[in-house]
Structures are given as C-alpha cells and as structure tokens.
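Peer 1: In the numbering used here, the protein residues as written are 66 to 182. Note that beta-carbon positions come from the ideal geometry of N, C-alpha and C, so glycine has one too. For clarity, every value in this text was computed on a predicted model and none was experimentally measured.
1. Kindly indicate which residue of 82, 132, 115 and 171 has the alpha-carbon position closest to the one of residue 139.
2. Within 10 angstroms of the Cβ of residue 164, are there 16 or more other Cβ atoms? Answer buried if so, exposed if not.
3. Does DSSP classify residue 94 as helix, strand or coil?
4. Taking C-alpha atoms, which residue in 143, 131 and 146 lies nearest to residue 91?
5. Within 10 angstroms of the Cβ of residue 102, are there 16 or more other Cβ atoms? Answer buried if so, exposed if not.
6. If you follow the alpha helix (DSSP H) that residue 146 is part of, which residue opens it and which one closes it?
7. Give the DSSP-derived three-state secondary structure of residue 156 in the structure shown.
8. By the 10 Å Cβ neighbour count, where 16 or more other Cβ atoms means buried, how is residue 116 classified, buried or exposed?
9. Could you tell me how far apart the beta carbons of residue 249 and residue 99 are, in whole angstroms, since I believe they sit closer than 8 Å?
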C-alpha cells in the first residue's frame, strides 16, 4: 500500500545558480514534496507522532536551506531528499523544485525520486 503526504509549492528563498552573481541573493523557489510511507498506524491511532509532522518539516526545511547555496537545482533536490530521508521515517520521497529565472518561461524545474536505504 502506498500512502503519500503532499507538501505542494512551499515558497522558499534560497541561493541557487551557476553564476556567482545569481547566488549573491536568495531567489524564490517553489518546492513540492511527496512523502511515501504506510500511514495506517497513525490513522488508526489518530497520532501525529506516528506520521510526518509537515508543519515541523517545512519550518526545518526553510531553516536548513537559508544559509546554504547550490549551483544546480539538481544538487539542491538531491541534498533535500537525502536530508528528509535521514530526518524523517519515510520510505520514498519525490522532490520537485521550480525556479523562476528564464525569460519567456513560467519556470524551469527538476523532479527526483529517492528511496530510504
């Protein structure tokens, strides 16, 4: 059985970009997370401790990325997936990141999936 918690389009201000100039100032990114785990125990007992506290996760994610920088959104997505898998009891994560940098496009983005070891 696959259960998924979705955090859709969390707006963050992180430093990402290949040129140094692009990383000088934080820029808006939208991050979506899809966290897979069997949530039946949490649902059966109505207990947040048995699931993913998405309020805590989003606050920690923002703090985790505020003072870092990446050249590639691919690296950011990979680092973020590894951090979530190490910090939260989820079996699989999908990370989508949207960046608003190219003219004539709504956004550029990346989507990765990783499994817990």
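Peer 2: Judging by the given coordinates:
1. 82
2. buried
3. strand
4. 131
5. buried
6. 138-152
7. coil
8. buried
9. This structure cannot settle anything about residue 249, because the visible part of the chain is limited to 66 through 182.
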